[in-house]
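**Student:** Take any residue in the sequence shown, count from 1 to its spot, add 884: that is its number in the working numbering.
All residues carry an ideal CB built from backbone N, CA and C; glycine is no exception.
Given the structure is predicted, the values throughout are model-derived calculations rather than measurements.
Okay, handing you the structure first.
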Amino acid sequence: MSNRRIAALALLGVLVLGLAFLGYKAVKVVPPLLSLRGHLATLEILASSGRADGVSEAEVHTGVQALRGVHEDLECLYGEFVLVLPLLRGLGWVPAVGGDLAALPDLAELGLRLTDAGAILAEATEPYVAGLLQTRAGGEGRDLLPRFLIILPTLQSALAQAQSEVDAAAIARSRIDRQSLSSGLVRQIERLDRYLPLLQLGLAVAQNPELLGANGPRTYLLIAQNSDELRATGGFISGVGVLTLDQGRIASLKFYDSYQVDDLRQCYPDPPPALYTTMLAELWLFRDGNWSPDWPTSARTLERLYEIGQKQPIDGVIALDLYAVQMLAETLGPLRVEGFDEPVTGKNVLRLIRRAWEPDPGQTTGEWWRQRKDFMGPVAQAMLDRALDDPGSLNLSQAAIALERALREKHLLVYLHDPQMARFLAAREWDGAWRRTYGDFLAVVDSNVGFNKVNPLIEEQIAYHVRLGNQGRPRGQVTLSYTSRSTGGAPCLQEGRYLPTYTEMMHRCYWDYVRVYVPAGSVLIQATPAPLPEGSLLVRKKGGTPGQDTVRAIPEEAGQTGWSAFFVLPPQASRTLSFSYELPATVLRWEDDVVYYSLWVQKQAGTDGWPVTVRVELPPDAQLLAADPEPTSVQDHVVMFEFRLSENRHLELSYRQ
C-alpha cells in the first residue's frame, strides 16, 4: 500500500473520529443547554420589572433555584469542553468570529465565577428574605437597612466567598479584548462593565458595616458643588450637608450654606497663592477648600476647615455636582418638594434649582442672602424620603446605572477614611484622585473665579499634539480653545456682585484660572501670553500691573507638573491658549526595536465631556504596530484620536523604528 493511500486513510479515520466525537458531545451538551435556556428565561422574567417591590418571597426562592441551576448548567458545559477551550485562544485569526472564539475560555470562566457568586449570596440571604419583605410591605422602609445590619455578621463567610469569585471574574474580564469581539458580544460586555464594579462595591460595603454606623456613629460631609461656577473638583461649594449614621439609621442630617460653616473668630490657614492672586482671598475658608484638583487632597482640606469652624470630626467626604443631582432626580422619579410649584424630575430639576436661588418679589437683599440656598434641604430630604420610605418605587437597574455613571464621570466623588474602602475606590478611579501614571499625562483644570454662574455658556476644546521624533526629547503642545455664548454686557469687572436673577449671573464675563498638568520633568518652551486684565481684582484693589503675563509654573500634584494662566473671556468672544514644551524621555518605553507610547488624559470633575483631539506624530521612518483605542485616522505617520472627555481616557500605541 502506497504512502499516499495510507495518509488518506489516516486522514479519513481522523475525520470519522472527529465527527463521532462531535456527535457524542452534541448529545451530551443538549440537555444542559436546554436547561440553561429555561433557567435564564426564569431569571429574565423575574428581573424584567427592575423594581424592588416586584419580587415576592416565592419568587425569590424561584430565583435562587434558577441561579443555582444556571451555575450547574455552565459547570456541566465547561466540563465537556474544558480540554478544548485552551485551543480556542489561537483562533483569533478566524474571520468574523475569531475574537469571540479566542475570548470563549475567559467568557466561560467569567460566567462560572459570577453565577457561583450569585448563588452563594442568594442561598445565604434567602432565610432572611421573608422578614425583610415583611418590613417593606409594612411601610417600614427606613427599618430595612438597620435590620439588614443585624444579620450581616451571619453572612460574612458567604460575602467573602462571593467576593473571591467576583474578583476572579473581574480578572477574567480584564483578559478579554473588547475590540476583537463581535458587536453583539460587545454590548453584553459593556453592560457587564456597568454592573460588575457596583457588585464589587456592594460586597465591599457589606463587609465593612461600620461605614453605616454598625459599631458607632459615623459622620460624613455631603458637599454640594455648583458646576455652573466651575472649580477644580467640580464646582463652587454652595452648601454642605452633615449626615450622621448610627446602626444604619440617619441619626441626623443638617444642611448649611457654605458661608455659615466658618467661624471667623478662629484662626484659618493662608490660602494657596493662586487663590489670593486671582480672588484676593486672604483666608482659606471652607467654600474655597476644593482648590486642589486631587479630590482626596481637597477632601482632607475640607475636613480640616470644617473642624475649625464647627468643632466636629468627620469620617468621610462625599461631593456631588449638578449633573449628579440631575441623575438622582431622574432615577427617583417625580418628587414633591416643599416650596416648588411642580414635581421635580430629572428634566426640570436644574431649572427649578436655579429659579429657587432667585429672590422673591419684594424681598430685601438681606432676607434673600440668608434664604437663597434654603431649597437644598427640602430637595435632599425629598430624595431621601423617596429612597427610604418607598424603596419599592425605585427602578434598581436604572439607579445602578446612574450611580456607576456618576462615579465614573466624576460627578460623584467619595473620600473615606477606611483604608480598605479607600483602596477599593482608588482601584476603580472613583476617588477623584490625581493618578500617578507612567508615560505621558495631560489634564486641564479650569476654575471660575469671577463670582458668577457662566460655565454652562462656555464651550471648551482641547487639542494635544505630541511629536515623537528620532532625535531629542519628545515635544508636546496643548491648545485650549474657549468660546462664550453669554450675551452679557461689557466692561468685564471681576467683582463679587450678585445680580437679581440666576440667568443674569450666567450671562457675564468668564474669569478663568486654568491649570495645565503634564509629566514631571517637562520644560516649557513657549506659551501664549495671558495678560493680567485691567478689570481684575488684583489690578483694581491691590495695584497689580495690567498687561503683565500671568503664565506661571504650578506646584507639583501627584507627580505631575505644569503651568497656569489667568484670563477673562468677554461675552460672545473666543480665545485660544497654547503651551509648547519638551517632555521627559520617560514618556517612551523601548523594548528592542519597538517603542511604546501611552497617554493618560485626566477628566476634570464637574465637566460634561469636552471635545478632545490627540495628534501623535511618529518619526518619519516609524511603522505603527498597534493602537488602543482604534484611532480616528492614521495618515503620513500621524495617528489621530478624537473623543469627548466624559471620563478618564488612556491611549496606547506601539511602533517600530
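1. Please work out which residues of its chain come closer than 6 Å, Cβ to Cβ, to LEU1483, disregarding the five sequence neighbours upstream and downstream, and give them in chain order.
2. Could you compute how far the alpha carbon of HIS1349 sits from the alpha carbon of GLN1361?
3. Determine the direct distance from the alpha carbon of VAL981 to that of SER1066, and round the result to whole angstroms.
4. Would you say ALA1284 and TYR1140 are within 8 Å of each other, going by their C-beta atoms?
5. Exposed or buried, what is TYR1539 when buried is set at 16 or more other beta-carbons lying within 10 Å of its beta-carbon?
6. Can you name the residues that DSSP bridges to ALA1327?
7. Could you have a look at SER1281 and say whether DSSP puts it in helix, strand or coil?
8. Put TRP1179 into one of helix, strand or coil per three-state DSSP.
9. Could you tell me whether any non-hydrogen atom of the ligand MG is closer than 7 Å to the CB of ILE1409?
10. Could you spell out the range, first to last residue, of the beta strand (DSSP E) harbouring GLN1196?
11. Cβ atoms of TYR1394 and LEU1453: under 8 Å apart, would you say?
12. Going by beta carbon distance, what residues of the same chain come within less than 6 Å of GLY1230, once the five residues before and after it are set aside?
13. Between which two residues does the beta strand (DSSP E) containing GLN1109 stretch?
14. With which residues is LYS1138 paired in a DSSP beta bridge?
15. Whole angstroms are fine: how far does the CA of THR1009 sit from the CA of SER1041?
16. Among all the DSSP beta bridges, which residues are the ones paired with ALA1203?
17. Going by the CB atoms, is the gap between ALA1414 and ASN1437 shorter than 8 Å?
18. If we count the other Cβ atoms within 10 Å of its Cβ and call it buried at 16 or more, is ASP1112 buried or exposed?
19. So TYR1366 and SER1458 are supposed to be a Cβ contact under 8 Å. How far apart are they, rounded?
20. Measuring alpha carbon to alpha carbon, tell me which residue in VAL968, ALA950, ALA986 is nearest PRO976.
21. Please classify ALA894: is it buried, with 16 or more other beta-carbons within 10 angstroms of its beta-carbon, or exposed?
22. What does the alpha-carbon distance come out to for the pair ARG1528 and SER1176?
23. Thinking ILE1134 and GLY1173 are a contact (beta carbons under 8 Å), I'd like their distance in whole angstroms, please.
24. Helix, strand or coil for VAL913? Go by DSSP, reduced to three states.
25. If I measure Cβ to Cβ from THR999 and keep anything under 7 Å in the same chain, skipping five residues before and after, which residues do I get?
26. Taking the C-alpha atoms as reference points, what is the distance between LEU1467 and PRO1515?
27. In whole angstroms, give me the CA-to-CA distance for ASP1520 and ALA1347.
28. Distance, Cα to Cα, GLN1541 vs ASP1505?
29. Ignore the nearest five residues each way along the sequence and tell me which others in GLU1242's own chain have a CB closer than 6 Å to its CB.
30. Are the stretch 1123-1137 and the stretch 1093-1109 touching by the rule of at least three beta carbon pairs closer than 8 Å?
31. Closer than 6 Å by C-beta to ALA1266: which residues in its own chain qualify, once you throw out the five before and the five after it? Chain order, please.
32. Whole angstroms are fine: how far does the CA of PRO970 sit from the CA of ASP1492?
33. For ILE1409, count the other beta carbons within 10 Å of its own beta carbon; 16 or more makes it buried, fewer makes it exposed. Which is it?
34. Just curious, the beta strand (DSSP E) that GLY1507 is in, first and last residue?
35. Just to confirm, is the Cβ distance from VAL1496 to ARG1399 under 8 Å?
36. Look at the alpha carbon of GLY1119 and the alpha carbon of LEU1296, and state the distance between them as a whole number of angstroms.
**Tutor:** In brief:
1. Counting from one through the sequence shown, the residue named residue 1483 turns up at place 599. Excluding positions up to five away in sequence, the list reads ASP1324, LEU1535.
2. Counting from one through the sequence shown, the residue named residue 1349 turns up at place 465. Counting from one through the sequence shown, the residue named residue 1361 turns up at place 477. Their backbone Cα atoms lie some 5 Å apart in a straight line.
3. Here the question's residue 1066 lines up with position 182 in the sequence shown. Here the question's residue 981 lines up with position 97 in the sequence shown. Straight-line Cα distance between these residues: approximately 7 Å.
4. The count along the sequence shown starts at 1 and reaches residue 1284 at position 400. The count along the sequence shown starts at 1 and reaches residue 1140 at position 256. In terms of Cβ geometry, ALA1284 and TYR1140 do not form a close pair [threshold 8 Å].
5. Here the question's residue 1539 lines up with position 655 in the sequence shown. TYR1539 is buried by the Cβ-count criterion.
6. Working through the sequence shown from its first residue, we reach residue 1327 at position 443. According to DSSP, which records beta bridges pairwise, ALA1327 is partnered with TYR1401, GLN1486.
7. Counting from one through the sequence shown, the residue named residue 1281 turns up at place 397. Helix at SER1281.
8. Taking the first residue of the sequence shown as position 1, residue 1179 is located at position 295. Note: TRP1179 maps to helix in three-state DSSP.
9. In terms of ligand content, the structure shown is empty, and the ligand MG therefore cannot be addressed.
10. For the purposes of this step, residue 1196 is taken as the residue at position 312 of the sequence shown. Looking at the DSSP string, GLN1196 is not in any beta strand (DSSP E), and its letter there is neither H nor E.
11. Residue 1453 sits at position 569 when you count from the first residue of the sequence shown. Residue 1394 sits at position 510 when you count from the first residue of the sequence shown. Yes, the Cβ-Cβ distance between LEU1453 and TYR1394 is below 8 Å.
12. Here residue 1230 refers to the residue found at position 346 of the sequence shown. Cβ neighbours of GLY1230 beyond the five flanking positions: GLN1210, ALA1213, GLU1214.
13. Against the sequence shown, residue 1109 aligns to sequence position 225. Element bounds for GLN1109: 1102-1110.
14. Start at 1 with the first residue of the sequence shown, and residue 1138 comes out as number 254. DSSP lists VAL1126 as partners of LYS1138.
15. What you label residue 1041 is simply residue 157 of the sequence shown in a count that begins at 1. What you label residue 1009 is simply residue 125 of the sequence shown in a count that begins at 1. Taking the straight line joining both Cα atoms gives about 12 Å.
16. As a first step, residue 1203 must be located in the sequence shown, where it is residue number 319. DSSP output for ALA1203 lists ILE1107, LEU1297 as bridge partner(s).
17. In the sequence shown, the residue the question calls residue 1437 occupies position 553. In the sequence shown, the residue the question calls residue 1414 occupies position 530. As written in the sequence, residue 1437 is Ala, which differs from the Asn given in the question. No, they are not a contact pair.
18. Taking the sequence shown and counting its residues from 1, one reaches residue 1112 at position 228. Buried.
19. Here residue 1366 corresponds to residue number 482 of the sequence shown, with the count starting at 1. Here residue 1458 corresponds to residue number 574 of the sequence shown, with the count starting at 1. Confirmed, about 7 Å.
20. Taking the sequence shown and counting its residues from 1, the one referred to as residue 976 is at position 92. Rather than Pro, the amino acid found at residue 976 in this sequence is Gly. Comparing Cα-Cα distances from GLY976 to each of VAL968, ALA950, ALA986, the minimum goes to ALA986.
21. In the sequence shown, counting from the first residue as 1, residue 894 sits at position 10. Annotation note: pLDDT 47 at ALA894 (below 50); position unreliable, no value reported.
22. Your numbering for residue 1528 matches position 644 in the sequence shown. Your numbering for residue 1176 matches position 292 in the sequence shown. Those two C-alpha atoms are separated by around 23 Å.
23. Looking up residue 1134 in the sequence shown gives position 250. Looking up residue 1173 in the sequence shown gives position 289. Not quite, the Cβ-Cβ distance comes to about 25 Å (not below 8 Å), so this is no contact.
24. Position 29 of the sequence shown, counting from 1, holds the residue named residue 913. Note on VAL913: pLDDT 48, under 50, position unreliable in the model; the coordinate value appears next. Three-state DSSP puts VAL913 in a helix.
25. On the sequence shown, residue 999 is found 115 positions in, with the first residue counted as 1. Counting only Cβ-Cβ distances below 7 Å, and skipping sequence neighbours, we find LEU951, VAL954, HIS955, LEU958.
26. Counted from its first residue, the sequence shown places residue 1467 at position 583. Counted from its first residue, the sequence shown places residue 1515 at position 631. Distance between the alpha carbons of LEU1467 and PRO1515: 22 Å.
27. For the purposes of this step, residue 1520 is identified with residue 636 of the sequence shown, where counting begins at 1. For the purposes of this step, residue 1347 is identified with residue 463 of the sequence shown, where counting begins at 1. It is roughly 19 Å from the alpha-carbon of ASP1520 to the alpha-carbon of ALA1347.
28. Position 657 of the sequence shown, counting from 1, holds the residue named residue 1541. Position 621 of the sequence shown, counting from 1, holds the residue named residue 1505. Cα-Cα distance, rounded: 6 Å.
29. On the sequence shown, position 358 is the one that residue 1242 refers to. Answer for GLU1242: THR1385, TYR1386, listed in chain order.
30. yes
31. Here the question's residue 1266 lines up with position 382 in the sequence shown. Excluding sequence neighbours, ALA1266 sits near LEU1219, VAL1221.
32. Locating residue 1492 in the sequence shown gives position 608, counting from the first residue. Locating residue 970 in the sequence shown gives position 86, counting from the first residue. Each residue's Cα considered, the two are about 43 Å apart.
33. Here residue 1409 refers to the residue found at position 525 of the sequence shown. Per the 10 Å Cβ criterion, exposed.
34. Translated into positions along the sequence shown, residue 1507 becomes position 623. The displayed chain sequence assigns Gln, not Gly, to residue 1507. Where GLN1507 is concerned, the enclosing beta strand (DSSP E) stretches over 1507-1512.
35. Within the sequence shown, numbered from 1, the residue matching residue 1496 stands at position 612. Within the sequence shown, numbered from 1, the residue matching residue 1399 stands at position 515. No, the pair does not count as a contact, with Cβ atoms beyond the cut-off.
36. Against the sequence shown, residue 1119 aligns to sequence position 235. Against the sequence shown, residue 1296 aligns to sequence position 412. Going by the C-alpha atoms only, they are around 12 Å apart.
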